[in-house]
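> In my numbering, the protein residues as written are 9 to 228.
Note that beta-carbon positions come from the ideal geometry of N, C-alpha and C, so glycine has one too.
I'd like to ask some things about the structure below.
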Ligand SMILES: [Zn+2]
Ligand SMILES: [Zn+2]
């Protein structure tokens, strides 16, 4: 490969794209002030503010500031700033066609969309409630709070969910009625989602209880 990255600005995503792809190989390897090209590239992918910088601009090495006592006010401000981002990808969500923010965002949650069952959801199948929860988890993660992975076995409820289509209840309808994401419901039905959060299990169980009489009638 005759690709030379000697003449590109190091510490930039452009340097990474020009071939400076090893941490040790970048002249900024031990810089306390600037990121290496690799780090700049990944910082760019993970941080919207950095992604807005010109691609050939070196990225400063700023230590993530821990804010354990982050006040409620700061949190609300951050929530507003981040509310237009897709919590999973960090990408900005849609264009603001109307004055209302799109569904599947914290912004719309703050405007009052608080029911997963009624929310039309975004392209990732997230309701406003789920988007807000995801955003809050991400914020906590950035502040150094480890991911909370408590989940419970869902094979029992998955078994029942699998029988729903035979009793005339589509998975889509069940998802809407339970307030659980379509992706999760489909994953339970096809076995790719073996465990769920306890809250999710409770919602599924409640919805199954509500439709059980109809199911039994169908079966009889
Ligand atoms: Zn470099
Ligand atoms: Zn919504």
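#1: Does the distance from the C-beta atom of residue 133 to that of residue 69 stay below 7 Å?
#2: Can residue 189 be considered in contact with ligand 1, in the sense that its beta carbon sits closer than 6 Å to one or more heavy atoms?
#3: If you measure from the CB of residue 140, is any heavy atom of ligand 2 nearer than 6 Å?
#4: The alpha helix (DSSP H) with residue 185 in it runs from where to where?
#5: What residues match up with residue 22 in a beta bridge as DSSP calls it?
#6: Name the two residues that bound the continuous alpha helix (DSSP H) containing residue 118.
#7: Using the rule of at least 16 other Cβ atoms within 10 Å of the residue's Cβ for burial, across every protein chain shown, is residue 37 buried or exposed?
#8: According to DSSP, is residue 214 helix, strand or coil?
#9: Measure the alpha-carbon distance for residue 129 versus residue 139 and round it to whole angstroms.
#10: Along the chain, where does the alpha helix (DSSP H) containing residue 121 start, and where does it finish?
#11: Given the structure, does residue 18 come close to ligand 1, in the sense that its CB is under 6 Å from one of the ligand's heavy atoms?
#12: Taking the Cβ atom as the reference point for each residue, do residue 42 and residue 19 lie within a distance shorter than 7 Å?
#13: Is the closest heavy atom of ligand 2 to the C-beta of residue 116 under 6 Å?
#14: Going by the CB atoms, is the gap between residue 131 and residue 170 shorter than 7 Å?
#15: CB of residue 34 to nearest heavy atom of ligand 1: below 6 Å?
#16: For the alpha helix (DSSP H) containing residue 54, name the first residue and the last one.
#17: When the Cα atoms are used, what is the spatial distance from residue 115 to residue 33?
#18: How would you label residue 49, buried or exposed, when you count the other beta carbons within 10 angstroms and need 16 or more for buried?
#19: According to DSSP, is residue 134 helix, strand or coil?
#20: What does the alpha-carbon distance come out to for the pair residue 147 and residue 195?
#21: Only counting the same chain, and skipping five residues up and downstream in sequence, which positions put a Cβ closer than 7 Å to that of residue 160?
#22: For residue 108, count neighbouring Cβ atoms within 10 angstroms of its own Cβ and tell me buried if that reaches 16, exposed if not.
Checking against the coordinates, here is how it stands:
#1: No, the Cβ-Cβ distance between residue 133 and residue 69 is not below 7 Å.
#2: no
#3: no
#4: 179-186
#5: Looking at the DSSP assignment, residue 22 forms no beta bridge with any residue, so it has no partner.
#6: 114-118
#7: exposed
#8: helix
#9: 9 Å
#10: Per DSSP, residue 121 belongs to no alpha helix (DSSP H) and is neither H nor E.
#11: yes
#12: yes
#13: Correct: residue 116 has its Cβ closer than 6 Å to ligand 2.
#14: no
#15: yes
#16: Its alpha helix (DSSP H) spans residues 45-54.
#17: 43 Å
#18: buried
#19: coil
#20: Within the model, the alpha-carbon separation for residue 147 versus residue 195 is close to 26 Å.
#21: Taken in chain order, the residues that qualify are 203, 204, 206, 209.
#22: Counting the other CB atoms within 10 Å of its CB gives residue 108 a total below 16, which places it among the exposed residues.
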